[in-house]
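Q:
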Amino acid sequence: MSEIQREKQKSFRDATAKSGPVAVVTEQDRKRLRPEYNAPSIQKKDYIEYDFSTMKDSRGGFLDETDKNGLKGPEEEPQSLQEWKEKQKQELLVKDLAPPLDLENAPRCVECESLDLDANLHTNFGVLVCRRCMKEKPEKYALLTKTECREDYLLTEPELKDTGLLRRIEKPNPHGFSRMQLFLRLQVEEFAWKKWGSAEGLDAEWERREGARLDRREKRYQAKMKEMRKKTRAEESHSFHKREGPAKKSYNLTIERFLLELWLLVLWRFLYKQRLGMRQRDCWNAVSGVGTCGGPVYHSKV
Numbered sequence: 027m028s029e030i031q032r033e034k035q036k037s038f039r040d041a042t043a044k045s046g047p048v049a050v051v052t053e054q055d056r057k058r059l060r061p062e063y064n065a066p067s068i069q070k071k072d073y074i075e076y077d078f079s080t081m082k083d084s085r086g087g088f089l090d091e092t093d094k095n096g097l098k099g100p101e102e103e104p105q106s107l108q109e110w111k112e113k114q115k116q117e118l119l120v121k122d123l124a125p126p127l128d129l130e131n132a133p134r135c136v137e138c139e140s141l142d143l144d145a146n147l148h149t150n151f152g153v154l155v156c157r158r159c160m161k162e163k164p165e166k167y168a169l170l171t172k173t174e175c176r177e178d179y180l181l182t183e184p185e186l187k188d189t190g191l192l193r194r195i196e197k198p199n200p201h202g203f204s205r206m207q208l209f210l211r212l213q214v215e216e217f218a219w220k221k222w223g224s225a226e227g228l229d230a231e232w233e234r235r236e237g238a239r240l241d242r243r244e245k246r247y248q249a250k251m252k253e254m255r256k257k258t259r260a261e262e263s264h265s266f267h268k269r270e271g272p273a274k275k276s277y278n279l280t281i282e283r284f285l286l287e288l289w290l291l292v293l294w295r296f297l298y299k300q301r302l303g304m305r306q307r308d309c310w311n312a313v314s315g316v317g318t319c320g321g322p323v324y325h326s327k328v
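Start counting the sequence shown at 27; every next residue gets the next number (the numbering used here).
Rendered as structure tokens:
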């Protein structure tokens, strides 16, 4: 046995002598040593309800100019949807006027000197008129829509938006989502007479605009008719009389067919002149028959 093998056996005996007994781990020991699993406090089946009235849009971290911070003032308290609806109702609500304390100096109706003033006209338009006079005189105290003011009195959009010129009230529009604006006829007519001079001036301006509108429509109509005439291609048809001959027929010829026959006739005359010097059996000879244009029918004689 070589010296190298003796050293290997010796080292192996030393290693086995130093190692102790092997510990056996059972299944119970594995379960005891395994860390305990803690279930999450929130399960997926739980429903979380958010109060959207208290939530804010952070704009993705960018600066929000509408946000109330320390520089712009104290932060407003959030309000719920029900509180917002109640606030809107209070703004649209027209309260009745309080009874006057001094009857001699109390405001009265400009028409009948009555104390029963209409709260809507007095609060929103500053007009002193009672309810009875408002119903009896709709030509003065009726409410006009924005469209009627623009079409009947020829007022512009900036003039109707200026609350310093014309007062207005807003109501829900039954025909759309935008709010309906109502103006008092008395104030609208007063501003219109001031703008156009008088009622006759307004009528003259309306007639001028109506005439200009009709002229524009007539020009568009004439332009369309001119374009249609350019696109139209009429096809003329000629009916020729009956001609006595071997083939008794009536001929109905269009312009295109006539031009084709004329072109064939010119082509035949050209070919006929070119072949005058050739042999007789190759010449074109006339036979009995009538062509479409009334001329003889030619074919090659074999």
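For each residue, glycine too, the CB sits at the ideal point set by N, CA and C. Since the structure is predicted, the reported quantities are computational estimates derived from the model, not experimental observations.
Per the DSSP calculation, Glu196 is bridged to which residue(s)?
A: Glu196 is bridged to Gln207.
Q: With distances taken from CA atoms, which of Val153, Tyr247 and Gly86 is nearest Ala168?
A: With distances taken between Cα atoms, Ala168 lies closest to Val153.
Q: Would a check of beta-carbon distances place Cys156 closer than 9 Å to chain C?
A: The structure shown contains no chain C, having only a single protein chain.
Q: Can you tell me whether Arg211 is buried or exposed? The criterion is at least 16 other CB atoms within 10 Å of its CB, across all chains shown.
A: Arg211 comes out buried.
Q: For Leu169, write down the residues that DSSP places opposite it in a beta bridge.
A: Per DSSP, Leu210.
Q: With DSSP collapsed to three states, give me the class of Leu143.
A: Strand, per DSSP.
Q: Bridge partners for Cys156 per DSSP, in chain order?
A: DSSP lists Leu143 as partners of Cys156.
Q: Which value, in whole angstroms, describes the spacing of the CA atoms of Cys156 and Phe209?
A: About 18 Å.
Q: In the structure shown, what three-state DSSP assignment does Pro133 receive?
A: In this structure, Pro133 counts as coil in the three-state DSSP scheme.
Q: Below 8 Å on the Cβ atoms is my guess for Ser79 versus Leu107; work out the distance and round it to an integer in Å.
A: Correct: roughly 6 Å between the Cβ atoms.
Q: Identify whether Arg295 lies in helix, strand or coil by the three-state DSSP scheme.
A: Correct three-state label for Arg295: helix.
Q: Under DSSP, the alpha helix (DSSP H) around Gln348 begins and ends at which residues?
A: An answer regarding residue 348 cannot be provided, because it is not within the stretch 27 to 328 covered by the chain.
Q: Should Ala218 go down as buried or exposed, given a rule of 16 or more other Cβ atoms within 10 Å for buried?
A: Flag for Ala218 reads buried.
Q: If you run the structure through DSSP and keep just helix, strand and coil, what is Leu180?
A: Here Leu180 sits in coil by DSSP.
Q: Excluding the 5 residues flanking Ala132 on each side, which residues of the same chain have their C-beta closer than 7 Å to its C-beta?
A: Around Ala132: Pro126 and Leu141.
Q: Where does the unbroken alpha helix (DSSP H) through Tyr247 begin, and where does it stop?
A: Note, Tyr247: alpha helix (DSSP H), Ala225 to Lys257.
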